[in-house]
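Structure record follows, encoded as structure tokens.
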Amino acid sequence: YAYGILRRFLPEEKVIGFRGLSLTADGQGAVFDVPKEDVDLVLA
Numbered sequence: 001y002a003y004g005i006l007r008r009f010l011p012e013e014k015v016i017g018f019r020g021l022s023l024t025a026d027g028q029g030a031v032f033d034v035p036k037e038d039v040d041l042v043l044a
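Counting from 1, one number per residue, gives the positions in the sequence shown under UniProt numbering.
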């Protein structure tokens, strides 16, 4: 589910590089590792 939302807003070739997806305890958020060169893209 979280990857599907990411793919709506970010290019597929960037989303493929995200690793370690975990849902928050309440299930309302997700946490994942992003390659250093893509951090600004995700935070924009």
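Ideal placement from N, C-alpha and C gives every residue a C-beta, glycine not left out.
- Go ahead and pull the three-state DSSP assignment for L23. If DSSP states are grouped into helix, strand and coil, L23 belongs with the strands.
- Would you say F32 and G17 are within 8 Å of each other, going by their C-beta atoms? In terms of Cβ geometry, F32 and G17 do not form a close pair [threshold 8 Å].
- N- and C-terminal bounds of the alpha helix (DSSP H) containing F9: Its alpha helix (DSSP H) spans residues 2-9.
- Task: Can you grab the Cα-Cα spacing for the pair E37 / T24, in whole Å?
- Result: So the alpha carbons of these two residues sit roughly 24 Å apart.
- Looking at the unbroken alpha helix (DSSP H) that takes in D40, where does it start and where does it end? Boundaries of the alpha helix (DSSP H) around D40: 39-43.
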